[in-house]
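Chains as they are written, first to last, in the working numbering: chain Y, 16 to 341; chain V, 12 to 158; chain R, 659 to 1167.
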Amino acid sequence: MIKWRWLWAILLGIDGLIGNFGIAFADYPTRPITMVVPFPPGGVADLTARPLAAALEPILKQPVAVVNKSGAGGAVGMQFVAVAKPDGYTLLLALSSISVMPEVDKLFGRPQTYKREDFVPIALLNADPTVLAIRKEAPWKSVADFVADAKKRPGEIKYSSSGMYGTLHVAMEMFAHAAGIKLRHIPTQGGGPALTALLGGHVDAFAVGPSVIASQLKAGTVRVLACWGAKRLASMPDIPTFIELGYKDVEFYIWAGLFAPKATPPEIVKILREATKKAAHSAEFKNAMDKLNTPIYYLDGPDFQKFWDEDAARLARAIRNIGKVE
Amino acid sequence: MSIDRVSGLALLGIAIFVAVESRVLPFGTHSRPGPAYLPFILALFLGAMSLILIFYPKKDSLSIKQLSWREGRHALAILACCFFGTFAIEQLGYRITMIIILGFLFAVLERMKIWWALLWTLGLALGSFWVFDSLLKVPLPRGGLGI
Amino acid sequence: MTETFQNLWLGFATALTPANLFYALMGCLIGTMVGVLPGVGPLAGISLLLPTTFGLDPTGGLILLCGVYYGAMYGGSTTSILMRIPGEAASVMTCIDGYAMAQKGRAGPALFISAFGSYIAGTLSVIGLMFLAPPLARFALGFGPPEYFSLLAMGLIVLGYMTGGSMVKNLAMIALGLLCGMIGIDHMSGYFRFSYGVAALGDGIGVVPVAVGLFGIAEILSTAGQEKRPEVIKPKLRDLLPSREEFRDALKPIGRGTILGFFIGIIPGSAHIISTFVSYAVERRLSKHPEKFGRGAIEGVAAPESANNAASEGALVPMLALGVPTGPIPAVLLAALMVHGINPGPLFIKEQPVIFWGLIASMYIGNFVLLLLNLPLVGLFVNFLRIPYKILYPMILMFCMVGVYAVNTSYVDVAIMSVMGMLGYLLRKFDYETAPIVLGVVIAPIIEMSFRQALAMSGGKYSIFIQRPISALFLAGAFLMIILALRPLIKKGIDWGWRSQLTKAEKGD
């Protein structure tokens, strides 16, 4: 009598072996891939992920589905991928906030929801430096004016941000620390409210991504004083960088990159890197990014790792300087 | 004991819990309120309201003995289904979870005829899965067994 | 003026093309469906459709998404009235009087007035949007943290009037709701509050699971075990339409709800549900028969339904006029435009007249289509009530669970819904109103953040609330309301004091 239970167990075991050791990875990918976006639909990460997924599909010859798993500033989705099966079928499209959250957790002495080391970077897709935006009625004509004014009345100039330790907050504090000035921080619940606060005159300045502020700049409701990049922005060539103005180490990028869980087999990572390279240079992806006013800045895995480590170190320093409020 | 008094006690308990729990967070100052500021004040307010309920219950409120719990057993069973669903929906997958819940409700709780219950159970479980998963493209979990 | 009409003509020409008509129709249909399903609300619907719009032209895509958005406001009242389950969070207030009307056999008129009120509100709001968008938007920007705080504080006081029941109990429920709304990350300091390490609670408990749990699940828990369900009389056609009296009574609330909803809607960051609560409370205050509220007053259906439609369109004002997203839904709509390379900003109306006026025209059409869609369905929906309850409630339970799960594909939401269901059941047993909890959950983050932001702006000085004129106005209003509420107590107190003097005098003799 065949013991069906035994047979079933053996079959499951073989299936598990195949799954875990990836005997099939020579043919990777064999089924649809999930790209997790840890933010709600319509945001920067989402709008980068969807064209990328669409461009990857013909290259990998498998559907690439974008799944939004938002919550806790992205921590929910990132944690989800950090503990997902490292078989190359679950990827993460994250923003620079991926480096910020573990640092903030460390600052507050609470267990980290995930660590940077839980991910292996596949490719960097874009890296917009933030810019310093002020209202058109503001009296400052340059960063020097701004800094001089801030030194005269410390803690009086107000700026908005997308939340405590959010990208816009960290960027501004990085500049304030380098310039030795004290500003007053008014956190809001996101990028949109931060912009509204500036337009309504409730704050005097804020740091923002260039694509968000482009239409307001064109309409003349805001002015831009400087940018946080290593080089000047192609879309705003008259705007100096903070580094040019003498503030060393003041660099901040809102970047988006593709990641996979750390333990993903290197062969699969290599396949993904090649595929993403082709996708990022494809006409459709370029078209999509142009429409979003976001220039592509592509870095392959190992270069991205270097960029990421440097960027993360800068952010960690900035966060430690901010410290705990109250 | 009137229901006002009993519920007032429960609310007081909640207020005390919140007040105690918010002590780990910084209170801040009156000009720079911290994360514990408003929760603590609300806990005080809730506590005050619950004390009013305990000591000045409305004269015409029912006494706790007069409450009818006739539908209680039913409610408990339905609630158990809700909690079961919470944990099963991702472990067992949507369809299996719904089949179990609906089957339980139709056949066991409502004592419908078996074949009629089966019809409704399968129809609703599989139908709703189709509406959400295929039509609306909301990914519903397929559980460990892949169903 | 003529320029506006010329533009409108252009808009209608755009909106009446077969493709755009189709998108409008699709949007309205999907919106109604999404609104009817508990849990899944317009945000979820729009987010799901967003990728589909990438392949369409921008006008068509925007028309489709907006159709879903205001369509959901029509559909949300259906389940609220028939089953006391909010189709989407803003329909919570309709559950109260709408369901009471349904139980009295007046479900048809409730559905009719709600569709009719939504149509009037929707259409009037589009007119407001059309003429007043830019100046209104600039006015709305002037609303800063101090104004928000004062407005919401006044709103909370107004809410204390909500039901005739014990004011103490209502206030306790508001406090409880506010506390629930404070679960999660504190944006001003970065601390996590009451989330005990559960990552999904980091964002707070969300209004959808709370609303569906407190109303939908609690309703099932209370009713499923009852031995006898009230027999639903087969409605005659006459019973489907509101009586002349009901119609007359509903008109002024519709008007007031529209204006209130529209203005609350244009304020960036306000949630639509606030407009429904405020309009309900205002109607109750103005009514000559406040005791009718809660038991099936048509005003209690007409006002909130108009308010939430007006608010949803008001929320589009800052988005279209200034390019500023005022909430999660306008943010997705903006993204839909950005993907096509269009960056809405202050020049949007001038630079993209085709899209703007096409959208405006399409909204007129869409509202009308929804009216035509919803009215005949009234008869269909009312018959839905005739399904035997023992089959109906497991179905409702299933829809609630899947609807709540679908919003974030998170089982934590289902857990919250279940806990709230249990809480709602117990609260009803002990004679409490549960609607204030929902409002508290929605308002808590806004009011707390505004309070602390305002103090941060002023450097810690409380005078900022009084120095700014709009804020001072609201606070004065709030103070006035408190005085009015305490008037009977004060009178009683004076009376009592007078009487006790008399008694003492008598005794002394």
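Here a beta-carbon is modelled for each residue, glycine too, at the ideal position from N, C-alpha and C. These numbers come from a predicted model, not from an experiment.
Query	Result
In three-state DSSP terms, what is residue 850 of chain R?	strand
Rounding to the nearest angstrom, what Cα-Cα distance links residue 715 of chain R and residue 249 of chain Y in this structure?	28 Å
Applying the 10 Å Cβ sphere with the 16-neighbour rule, what's the burial state of residue 43 of chain Y?	buried
Comparing C-alpha positions only, which one of R/1024, R/747, R/679 and R/725 sits nearest to residue 685 of chain R?	R/725
How should residue 675 of chain R be labelled, buried or exposed, when 16 other C-beta atoms within 10 angstroms of its C-beta is the threshold for buried?	exposed
Taking the alpha-carbon positions, what's the residue 87 of chain V to residue 58 of chain V distance?	29 Å
For residue 1122 of chain R versus residue 804 of chain R, is the C-beta distance shorter than 7 Å?	yes
Quick one, which of Y/114, Y/73 and Y/80 has its alpha-carbon nearest residue 90 of chain Y's?	Y/114
Put residue 200 of chain Y into one of helix, strand or coil per three-state DSSP.	strand
By the three-class DSSP mapping on this structure, what secondary structure does residue 238 of chain Y have?	strand
Could you pull out every residue in the same chain whose Cβ sits closer than 7 Å to the Cβ of residue 1062 of chain R, ignoring the five residues on either side in sequence?	697, 866, 867, 870, 1071, 1072 and 1075
Kindly give me the distance between the Cβ atoms of residue 74 of chain Y and residue 301 of chain Y, rounded to whole angstroms, as I take these residues to be in contact under 8 Å.	At roughly 15 Å, the Cβ-Cβ gap does not stay under 8 Å, so residue 74 of chain Y and residue 301 of chain Y are not in contact.
Less than 7 Å between CB atoms is the rule here; does residue 30 of chain V satisfy it with respect to chain B?	This model lacks chain B altogether; the protein chains it does include are Y, V and R.
Between the beta-carbon of residue 959 of chain R and the beta-carbon of residue 768 of chain R, is there less than 7 Å?	yes
Taking only beta-carbon atoms, is residue 1121 of chain R less than 7 Å away from chain V?	no
So the alpha helix (DSSP H) residue 251 of chain Y belongs to, where does it begin and stop?	Premise fails: residue 251 of chain Y is in no alpha helix (DSSP H) and is neither H nor E.
Within the 7 Å Cβ cut-off, does residue 86 of chain V reach chain R?	yes
Can the beta-carbon of residue 721 of chain R be found closer than 7 Å to that of residue 665 of chain R?	no
DSSP on residue 173 of chain Y, reduced to helix/strand/coil?	strand
Could you check whether residue 992 of chain R and residue 1004 of chain R sit closer than 7 Å to each other, using their CB atoms as the reference points?	no
At what residue ranges does the stretch 57 to 134 of chain Y contain a whole run of the beta strand (DSSP E), taking only runs of 3 or more?	79 to 83 and 105 to 110
Residue 150 of chain Y by DSSP, collapsed to three states: which one?	strand
I'd like to know if the stretch 129 to 145 of chain Y and the stretch 277 to 295 of chain Y are in contact, where contact means that at least 3 CB-CB pairs between them fall below 8 Å.	yes
Check whether the Cβ of residue 236 of chain Y sits closer than 6 Å to any heavy atom of the ligand ADP, and report yes or no.	What this structure holds is no ligand at all, so the ligand ADP is not there to describe.
Do residue 1016 of chain R and residue 972 of chain R have their C-beta atoms within less than 7 Å of each other?	no
Which first and last residues belong to the alpha helix (DSSP H) in which residue 5 of chain Y is found?	The question about residue 5 of chain Y has no answer, for chain Y in this structure spans 16 to 341.
Take residue 158 of chain Y and list the residues in its own chain whose beta-carbon comes closer than 6 Å to its own, dropping the five residues that flank it on each side.	240, 241 and 260
Cβ of residue 996 of chain R less than 7 Å from any chain Y Cβ?	yes
Along chain Y, which residues have their Cβ under 7 Å away from the Cβ of residue 1107 of chain R?	204
Do the stretch 115 to 122 of chain Y and the stretch 271 to 289 of chain Y make contact, defined as three or more Cβ pairs closer than 8 Å?	no
Along the chain, where does the alpha helix (DSSP H) that runs through residue 816 of chain R open and close?	803 to 817
According to DSSP, is residue 221 of chain Y helix, strand or coil?	strand
Classify residue 840 of chain R: buried if its beta carbon has 16 or more other beta carbons within 10 angstroms, exposed otherwise.	buried
Take residue 245 of chain Y as the anchor and find which of Y/237, Y/324 and Y/258 has the nearest alpha-carbon.	Y/258
Using a Cβ-Cβ cutoff of less than 6 Å, which residues in the same chain neighbour residue 735 of chain R once the five nearest sequence positions on both sides are dropped?	749, 752, 772 and 963
According to DSSP, simplified to helix, strand and coil, what is residue 164 of chain Y?	helix
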